[in-house]
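Here the structure is laid out as structure tokens; the discussion comes afterwards.
2 protein chains.
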Amino acid sequence: MPSLNPTHDPARRSWVASANHSEADFPIQNLPFGRFRRRDGEVRTGVAIGDRIVDLAAALAAGLLDGAARAPAEAAVGDLRGLLELGNAGASALRARLSALLLAGGPDQAAAGAAADRILVAQAEVEMILPTTVRQFSDMCVSTFHIGRLSGNDDRGQPICPPVFRTLPVGYDGRATSVVVSGTPVRRPNGLWTEQVGGTGDPRFGPEPRQDYELEMGAWLGGPDNPLGEPTRIAAAADRLFGLCLLNDWSARGIQFWENMLGPFLGKSLATTVSPWIVTMEALAPFRAAAFQRPAGDPPVPAHLLSDADQRDGGLDIALEARLRPHGAAGKQDAVICRTNFRHMYWTFAQMVTHHSSNGCSLGPGDLIGSGTCSGPALAEAACLLEANVEGPLSLPNGDTRLWLADGDTVILRGRASRDGYVPIGFGEATGRLMPAPDPAA
Amino acid sequence: MPSLNPTHDPARRSWVASANHSEADFPIQNLPFGRFRRRDGEVRTGVAIGDRIVDLAAALAAGLLDGAARAPAEAAVGDLRGLLELGNAGASALRARLSALLLAGGPDQAAAGAAADRILVAQAEVEMILPTTVRQFSDMCVSTFHIGRLSGNDDRGQPICPPVFRTLPVGYDGRATSVVVSGTPVRRPNGLWTEQVGGTGDPRFGPEPRQDYELEMGAWLGGPDNPLGEPTRIAAAADRLFGLCLLNDWSARGIQFWENMLGPFLGKSLATTVSPWIVTMEALAPFRAAAFQRPAGDPPVPAHLLSDADQRDGGLDIALEARLRPHGAAGKQDAVICRTNFRHMYWTFAQMVTHHSSNGCSLGPGDLIGSGTCSGPALAEAACLLEANVEGPLSLPNGDTRLWLADGDTVILRGRASRDGYVPIGFGEATGRLMPAPDPAA
Chain R
593 MPSLNPTHDP ARRSWVASAN HSEADFPIQN LPFGRFRRRD GEVRTGVAIG
643 DRIVDLAAAL AAGLLDGAAR APAEAAVGDL RGLLELGNAG ASALRARLSA
693 LLLAGGPDQA AAGAAADRIL VAQAEVEMIL PTTVRQFSDM CVSTFHIGRL
743 SGNDDRGQPI CPPVFRTLPV GYDGRATSVV VSGTPVRRPN GLWTEQVGGT
793 GDPRFGPEPR QDYELEMGAW LGGPDNPLGE PTRIAAAADR LFGLCLLNDW
843 SARGIQFWEN MLGPFLGKSL ATTVSPWIVT MEALAPFRAA AFQRPAGDPP
893 VPAHLLSDAD QRDGGLDIAL EARLRPHGAA GKQDAVICRT NFRHMYWTFA
943 QMVTHHSSNG CSLGPGDLIG SGTCSGPALA EAACLLEANV EGPLSLPNGD
993 TRLWLADGDT VILRGRASRD GYVPIGFGEA TGRLMPAPDP AA
Chain A
593 MPSLNPTHDP ARRSWVASAN HSEADFPIQN LPFGRFRRRD GEVRTGVAIG
643 DRIVDLAAAL AAGLLDGAAR APAEAAVGDL RGLLELGNAG ASALRARLSA
693 LLLAGGPDQA AAGAAADRIL VAQAEVEMIL PTTVRQFSDM CVSTFHIGRL
743 SGNDDRGQPI CPPVFRTLPV GYDGRATSVV VSGTPVRRPN GLWTEQVGGT
793 GDPRFGPEPR QDYELEMGAW LGGPDNPLGE PTRIAAAADR LFGLCLLNDW
843 SARGIQFWEN MLGPFLGKSL ATTVSPWIVT MEALAPFRAA AFQRPAGDPP
893 VPAHLLSDAD QRDGGLDIAL EARLRPHGAA GKQDAVICRT NFRHMYWTFA
943 QMVTHHSSNG CSLGPGDLIG SGTCSGPALA EAACLLEANV EGPLSLPNGD
993 TRLWLADGDT VILRGRASRD GYVPIGFGEA TGRLMPAPDP AA
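Protein chains in written order, with this note's numbering: chain R, 593 to 1034; chain A, 593 to 1034.
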């Protein structure tokens, strides 16, 4: 496990009471970064604590962020991109200071508590926005269970995948301008598709008939960038990762199957929903795990993607869940449609970074890398409907069934990292409601 | 043909003498926009005229850009993005004013000529940079001759392509941060590839053995954007196009063939070279042509991609050429390795815009859309080596042969639009020299 520091101490509790509930996503051990719009319209950056947010500009103005925390706090104000550019050392210094300020019974409680009215904002009273303008969005596909679900298992009991998936983290460039923050309505796309799943037959243009979601995690990269032509080696890759979020890679299967000659394009770029908070790699340190253990018979990890440290703790134990709230459902009739874990991923995020830059491609602060669908081996761990409906439509608690999403349905992604002896941390939500398609003939 | 205006008048000549040579790329009828770094390091935007550039900030300071030209000139100064956001009407007003200022024998010649020392810069004395930070880069693939080259022709004599290519403009999202301006050296990438063309066998990691180029055109989009979820209809698509450039979509075939599950990724994102000048759609108006004539038996244009105006003049007659300057070649031993024309493209740029946004994807100013490889039916019109070498290696004037590019080779793209009764205009060059790969084991 990577070295831990006082911010991970499970004995720490905050004087912000809501942070101490056992189900809280944002205890004092988390302190994720995000950006929000206040009621007066002003955009601020902040750090989540319980059901509150520390407004960094206000905390700076109150003189509470001095010393090593001052420069990163100043960099974060306005657009989080400034803090991403500073990288992990800056974020670490800022989190250490915030952890001290928010600590119940600590030497800074009196000063911070006296300023609470100015520096704390209720999450319920603000609108979260994207943490930063997405510089570039790439999406990978690194669960062999996702890739192989429709192909079955080989005689080792392993998912049948084209060989390339076990030699490198397969990916593609996505559409950065389609990334939206949790809560943004998502419009069903129009496009050319065929009645036949798989994309044979004559296509017609109209509302996508097979709208799907994909439960993924996203990694926000920090600075500095690697210049074009200069790859990031695996030993340096982990420090390129700033933090993680939940990511719903909305997938229009009809469009995707018909257009598919040069990979996903309009089948994906309708929208990609992310959770608003960047949970730092530092906060996630207690939940690191060994990289995926390759079953006997798989090819070895290529030398340029192999490091002892990454194999030891480049994985992450994060429980993930997708829920579907059917349109018109009264009250709490959410269906849990997937329960999985990030540790099922065949490649680590560090390997994705090294692979992505291995041809010299420049990665930099503000880049977002999706993991691909986080499916595990069991059918209940299928992290999209394309997989989950292989044995037929899903039955929902309200009596409805679903092969694909219906207009008005809401998909809610949640994630939580826990480990004996540590305080669990969460990611908040990545939520989106599917709205009807525009009139295709308009 | 779209309506022409006085800036297209073939009788117009400039008092900048170099603009009047019959071979000039930048006569007074062109007036493309670009961005450059002066010797003192300052970045300026400008308009090419002959072998000179009008420095827009200097022309503003000299009081030469008033009236309707003032707002677009002010928007253009600093970063051309401001002008792209204003869109085509602003660019048109600015070009009209510049055309008047630069006109030989016109009423403004005296004032402009008196300021010539301040407002004109020699192209040879500045470094061109990207016209703007690329917001997003997408690349299409819309020449059936390119797609079908390796598959042969059907019984109609038409290239054999998967059906989707004739129902929509196939494309994929590319890597915006890999777009570089002409003259930037391009590094051969490392990656996983197999000895077998096609990507079978065991891959190994090392310098790409089959480095290729692709001759394309790129379209720079202007504003305003279409918000996410709101498609741009075909009738409105032409006005989204601000101007065109040459584009070399450097392609690492070994990497591309091995990684290819979700489309091109690292096989493309090593670098994409563009020519520095944006030749406006207004300047290109005399060279509009009918859209590609679909041979009998092809499916009809889908209704949402069909407009009379686009069918009538959505095509473009632009002669394109690729040259290869082999490493170590003495003097002018360039080989012309392709001569083709943009009119071979199966879809128009307006159709690409409408298709790209048909799922609600937001397109906006600063977006760059590549056309895909501009191959024509003849082998001499094959616009990449993958096609051109189907009958064996290319023979170069210096006695060398090439199946693929060698380290030190330079690829030079040029383009020129001409039509009887009009002054031809050119695009300058998109040039890149291939440098050796980094040490794969470092």
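For every residue, glycine included, the Cβ atom is placed at its ideal position computed from N, Cα and C.
*asked:* For a test of the three-state rule: what should DSSP assign to R:N597, helix, strand or coil?
replied: Annotated three-state conformation of R:N597 is coil, per DSSP.
*asked:* Please list the terminal residues of the continuous beta strand (DSSP E) segment that includes R:W850.
replied: It is not in any beta strand (DSSP E) - R:W850 instead sits in the alpha helix (DSSP H) that spans R845 to E851.
*Let me know the secondary structure DSSP gives R:G740 once reduced to three states.*
In this structure, R:G740 counts as helix in the three-state DSSP scheme.
*Does the stretch 952 to 968 of chain R come close enough to the stretch 808 to 818 of chain R that 3 or more CB-CB pairs lie under 8 Å?*
Short answer: they touch.
*For R:H613, is the classification buried or exposed, using 16 other Cβ atoms within 10 angstroms of its Cβ as the cut-off for buried?*
So R:H613 ends up on the exposed side.
*Report the three-state DSSP secondary structure of A:L997 (helix, strand or coil).*
It is coil, neither helix nor strand.
*Give the single residue among R:S867, R:R710, R:F941 and R:R604 whose Cα lies nearest to the Cα of R:L898.*
Among R:S867, R:R710, R:F941 and R:R604, the Cα nearest to that of R:L898 belongs to R:F941.
*So which residues on chain R does A:S770 lean against when the C-beta distance must stay under 8 Å?*
Those within 8 Å of A:S770 in chain R are L820, C953 and S954.
*Starting from the Cα of A:A683, find the closest Cα among A:A714, A:R710, A:G626 and A:D731 and give me that residue.*
Taking only the C-alpha atoms, the option nearest A:A683 is A:G626.
*Going along chain D, which residues have a C-beta under 8 Å from A:E851?*
The structure shown contains no chain D; the protein chains it does contain are R and A.
*CB contact check: A:P795 to chain R, cutoff 8 Å*: For A:P795, the answer is yes, since a Cβ of chain R falls inside 8 Å of its Cβ.
_Run through chain R and tell me which residues come within less than 7 Å of A:R779, C-beta to C-beta._
Result: G821 and G952.
*Which residues in the same chain have their Cβ closer than 7 Å to the Cβ of R:I620, if we skip the five residues on either side of it in sequence?*
The beta carbon of R:I620 lies closer than 7 Å to those of R604, R605, S606, A611, I641, S691, L694 and L695 in the same chain, with the five residues before and after it left out.
*Would you please verify whether the beta carbon of R:A828 is less than 8 Å from any beta carbon of chain A?*
When Cβ-Cβ separations below 8 Å define contact, R:A828 makes no contact with chain A.
*Other residues of its chain near R:L742: CB distance less than 8 Å, five sequence neighbours each side excluded*: These residues qualify, in order along the chain: L978, E979 and V982.
*Please confirm whether A:V635 and A:R644 have their CB atoms less than 8 Å apart.*
No, Cβ-Cβ distance for A:V635 and A:R644 is not below 8 Å.
_As a quick exercise: from R:L686, R:V945, R:E822 and R:V772, pick the residue whose alpha carbon is nearest that of R:L722._
Ranking R:L686, R:V945, R:E822 and R:V772 by Cα distance to R:L722 puts R:V772 first.
*Is R:G952 closer than 8 Å to R:G821 when the C-beta atoms are compared?*
In this structure, R:G821 sits near R:G952, with a CB-CB distance shorter than 8 Å.
*Beta-carbon of R:H896 versus every beta-carbon of chain A: anything under 8 Å?*
Answer yes: the Cβ-Cβ gap between R:H896 and chain A drops below 8 Å somewhere.
*Roughly how many angstroms separate the alpha carbons of A:F618 and R:G906, rounded to a whole number?*
Each residue's Cα considered, the two are about 55 Å apart.
_Quick test of your reading: A:E851 and R:V756, contact by CB under 8 Å. State the CB separation rounded to the nearest angstrom._
Confirmed, about 6 Å.
*If you compare alpha carbons, which of R:L960, R:D926 and R:L986 is closest to R:A972?*
Ranking R:L960, R:D926 and R:L986 by Cα distance to R:A972 puts R:L986 first.
*CB-CB under 6 Å to R:A927, same chain, minus the five flanking residues each way: which ones, in chain order?*
Cβ within range, chain order: L916, L988 and P989.
_Segment limits, alpha helix (DSSP H) that includes R:E979_ = L977 to A980 is the span of the alpha helix (DSSP H), which, as asked, contains R:E979.
*Using a C-beta to C-beta distance shorter than 7 Å, which residues of chain A count as neighbours of R:F857?*
Listed along chain A are G763, Y764 and D765, each with a C-beta nearer than 7 Å to that of R:F857.
*With 16 as the cutoff for other CB atoms within 10 Å, does A:G740 come out buried or exposed?*
Its Cβ being crowded by 16 or more others within 10 Å, A:G740 is buried.
*Please state if the CB of R:A914 and the CB of R:C930 are separated by a distance shorter than 8 Å.*
For R:C930 and R:A914, yes; Cβs fall inside 8 Å.
_Does the CB of R:L862 have a neighbour CB from chain A at under 8 Å?_
Interface residue (Cβ-Cβ distance to chain A less than 8 Å): R:L862 is classified as such.
*Closer than 9 Å by beta-carbon distance: list the chain R residues that pair up with A:C930, in chain order.*
Listed along the chain, the chain R residues whose CB falls inside 9 Å of the CB of A:C930 amount to none; the nearest CB is some 21 Å away.
*asked:* Here's the rule: buried if 16 or more other CB atoms are within 10 angstroms of the residue's CB, otherwise exposed. What is R:E874?
replied: Buried.
*Taking just the CA atoms, how far does R:Q750 sit from R:G744?*
Taking the straight line from one Cα to the other gives about 8 Å.
*Contacting residues, own chain, Cβ-Cβ under 8 Å from A:G698 (five flanking each side not counted)*: A692, listed in sequence order.
*Take A:Q830 and list the residues in its own chain whose beta-carbon comes closer than 6 Å to its own, dropping the five residues that flank it on each side.*
This sequence places Ala at residue 830 of chain A; Gln is not what is there. Here the set comprises A942.
*With a Cβ-Cβ cutoff of 8 Å, do R:P761 and R:V734 count as a contact?*
Contact: yes.
_Between A:A881 and A:D909, how many whole angstroms is the CB-CB distance? I'm expecting something under 8 Å._
At roughly 5 Å, the Cβ-Cβ gap stays under 8 Å, so A:A881 and A:D909 are in contact.
*Is the Cβ of A:L784 closer than 8 Å to any Cβ of chain R?*
With 8 Å as the cut-off, A:L784 counts as an interface residue toward chain R.
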